[in-house]
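*Asks:*
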Amino acid sequence: MKITSVKGFHDILPEQSAQWSGIEAKARAIFASYGFGEIRLPILERTELFRRGIGEATDIVEKEMYTFADRDDTSLTLRPEGTASVVRAYVQHSLHQQAGFSKLFYVGPMFRRERPQKGRTRQFWQIGVEAIGRDDPGIDAEVILLMHDLLAAIGVRAPRIGINSLGCAACRPAYIETLAAYGRARVAALCENCTTRLERNPLRLLDCKVETCGVAMADAPLMLDCLCAECSAHFGRVRAALERESVPIELQPRMVRGLDYYCRTAFEATAEGLGAQNAVGGGGRYDKLVKTFGGPDAPGVGFALGVERLVLSMREPFDATLCPEVFLAPLGAASELDAIRMAHRLRSDGMRVEVGSGDKSLKSQMRLADKVGAPYVLIVGEEELAAGALTVRDMVAKRDHERAVGYPCAAAELRGMLERLSANELE
Ligand code: AMP
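The opening residue of the sequence shown carries number 1400 in my numbering; numbering runs sequentially from there.
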């Protein structure tokens, strides 16, 4: 029986991988311009980190984590997201003492045991940033601006950024009480999940996808109408900065995000081409998380983008060309050594070169060269090398040319010759 990958866990083959690398390259360039440095995080953490960080009453912690006991019975979890780990590292390495303000980014796989569908897998890649140490609205705006710039650089189709404020410890508890009371008065119309949420996490009543819940909660009170003066001023300044930079943001007063640690600014980006799972990324402010993990009273704000969904929503794929520029076809075992040496030299000059097998006939090597998409084949035989004239086969025009080629030749020399050949300047 064939062994296949685990459900929801996928291989990323070279052509797809080129999209991943293209996105990462764009992200790294933009992160550098905004002054974010990379943090490489472990994939395994103590389960406790996510329970305390993400929140007990969230879908992730309740039912989606890959958790197991280590041999010494420590409960470990494959990380379902990056923020908790970044904050743990920030506290563990006392980063607040090194710099008043830390700007970090990460790239890597996350794990959630969700029901797989288009744009939703159990292992997925995230690119995320965290800015820890500032609570002013300017940094929220800059982080959202960064996400906006990145989506534009990747060429995501019709990106939209929704934004909301989730209030703070001063104004949220009273709002949640009002919201829960509103829900309790309509409990008969709520789904089973929402009935539980009423007690455990009433905010989630606002974004339930079940139709009857949507109808029942249609006129529910909104956090935006209940913000305290500080939260309201903070949110106003975030929006003003983004509007001034012409970042098209939409006010989404029902957006609550799935993680407990957010306060004040919350945002989410959607794009076309994704089907039901149309969020490409999201984030928000988390002012109490660092303290929850035993660190100083350092506020933070960040976001994560899902790479699979970015790839699905890109207008144009990144160039995935891996075709060799030239294929060397040795004639016999002795010539194979010459072909390998020649390829070695050309490759060290940065040329993409493929070498055939001297044990194979020229015909079968030609077939292989065609298959791998090489535009030219250089026939490397002992006599040809001795005479300093190799046969170059133009695979597109299907013509042979005798050319003087030094051995082993430099890439510049060979490239120049092939370019002139393709421009018909050598006939
Ligand atoms: P979250 O950490 O839940 O805020 O998610 C941030 C982004 O990660 C989402 O907008 C998606 O692009 C991506 N993401 C989250 N969960 C999955 C998943 N199961 N499969 C693929 N991408 C995901």
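Note that CB positions come from ideal geometry on N, CA and C, so glycine has one too.
(1) Between V1679 and V1555, is the Cβ-Cβ spacing less than 8 Å?
(2) Under 7 Å: does the beta carbon of E1753 sit that close to some heavy atom of ligand 1?
(3) Report buried or exposed for Q1516, applying the criterion of at least 16 other Cβ atoms within 10 angstroms of its Cβ.
(4) DSSP state of L1789, grouped into three classes?
(5) Could you check whether the Cβ of V1679 sits closer than 7 Å to any heavy atom belonging to ligand 1?
(6) Can you give me the C-alpha to C-alpha distance between L1494 and S1501, rounded to a whole angstrom?
(7) Can you give me the C-alpha to C-alpha distance between N1600 and R1656, rounded to a whole angstrom?
(8) List, from N- to C-terminal side, the alpha helix (DSSP H) runs of 4 residues or more that fit wholly inside the segment 1618–1661.
(9) Does the segment 1567–1576 come within contact of the segment 1669–1678, defined as at least 3 CB pairs closer than 8 Å?
(10) Could you give the DSSP three-state label for M1509: helix, strand or coil?
(11) What would DSSP say about F1500, mapped onto helix, strand or coil?
(12) What span of residues does the beta strand (DSSP E) with I1531 cover, start to end?
(13) Count the C-beta pairs between the segment 1440–1447 and the segment 1543–1558 that are closer than 8 Å, then say yes if the count reaches three, no if not.
(14) Is it buried or exposed for M1509, if we count other Cβ within 10 angstroms and need 16 for buried?
(15) Using the three-state DSSP reduction, which class does N1600 fall into: helix, strand or coil?
(16) Which residues mark the beginning and the end of the beta strand (DSSP E) in which S1564 is found?
(17) Below 8 Å, how does it come out for the segment 1533–1545 and the segment 1625–1644: are there three or more Cβ pairs, yes or no?
(18) Between M1741, M1750, T1446, G1780, which has its C-alpha nearest S1734's C-alpha?
(19) So which of S1760, G1757, D1799 has the shortest CA-CA distance to P1774?
(20) Exposed or buried, what is I1531 when buried is set at 16 or more other beta-carbons lying within 10 Å of its beta-carbon?
(21) Which two residues bound the contiguous alpha helix (DSSP H) that contains L1605?
(22) Closest by CA to G1815, which one among A1786, V1725, V1795, S1760?
(23) Sorted by chain position, which residues of the same chain lie with C-beta nearer than 6 Å to A1732's C-beta, five sequence neighbours on each side aside?
*Replies:* Quick look at the numbers:
(1) Indexing the sequence shown from 1 puts residue 1679 at position 280. Indexing the sequence shown from 1 puts residue 1555 at position 156. In contact: V1679 and V1555 (Cβ atoms closer than 8 Å).
(2) Counted from its first residue, the sequence shown places residue 1753 at position 354. E1753 Cβ: outside cutoff for every heavy atom of ligand 1.
(3) Counting from 1 along the sequence shown, the entry for residue 1516 is found at position 117. The residue is exposed, with fewer than 16 neighbouring Cβ atoms inside 10 Å.
(4) Taking the first residue of the sequence shown as 1, we reach residue 1789 at position 390. If DSSP states are grouped into helix, strand and coil, L1789 belongs with the strands.
(5) Looking up residue 1679 in the sequence shown gives position 280. Yes, the beta carbon of V1679 sits closer than 7 Å to at least one heavy atom of ligand 1.
(6) Walking along the sequence shown from the start, residue 1494 turns up at place 95. Walking along the sequence shown from the start, residue 1501 turns up at place 102. L1494 and S1501: Cα-Cα distance of roughly 7 Å.
(7) Counted from its first residue, the sequence shown places residue 1600 at position 201. Counted from its first residue, the sequence shown places residue 1656 at position 257. Cα to Cα, the separation comes out at about 12 Å.
(8) 1628–1643
(9) no
(10) Reading the sequence shown from its first residue, position 110 is the one you call residue 1509. DSSP places M1509 in strand when its eight states are reduced to three.
(11) Here the question's residue 1500 lines up with position 101 in the sequence shown. Three-state result, F1500: coil.
(12) Within the sequence shown, numbered from 1, the residue matching residue 1531 stands at position 132. I1531 -> beta strand (DSSP E) spans 1522–1531.
(13) no
(14) Position 110 of the sequence shown, counted from the start, is the residue given in the question as residue 1509. Burial call: buried.
(15) Within the sequence shown, residue 1600 is the residue found at index 201, counting from 1. Correct three-state label for N1600: coil.
(16) Here residue 1564 corresponds to residue number 165 of the sequence shown, with the count starting at 1. Here the beta strand (DSSP E) through S1564 covers 1559–1564.
(17) yes
(18) Counted from its first residue, the sequence shown places residue 1734 at position 335. Of the listed residues, the one whose Cα sits closest to S1734 is G1780.
(19) Numbered from its first residue, the sequence shown carries residue 1774 at position 375. Looking at the Cα atoms, D1799 is the closest of the given residues.
(20) For the purposes of this step, residue 1531 is identified with residue 132 of the sequence shown, where counting begins at 1. Buried, by the Cβ-count rule.
(21) Here residue 1605 is taken as the residue at index 206 of the sequence shown, counted from 1. Careful: L1605 lies outside any alpha helix (DSSP H) and carries neither H nor E.
(22) Numbered from its first residue, the sequence shown carries residue 1815 at position 416. Selected option, being the one with the closest Cα: V1725.
(23) By one-based count along the sequence shown, residue 1732 stands at place 333. Within the same chain, A1732 has close Cβ partners G1757.
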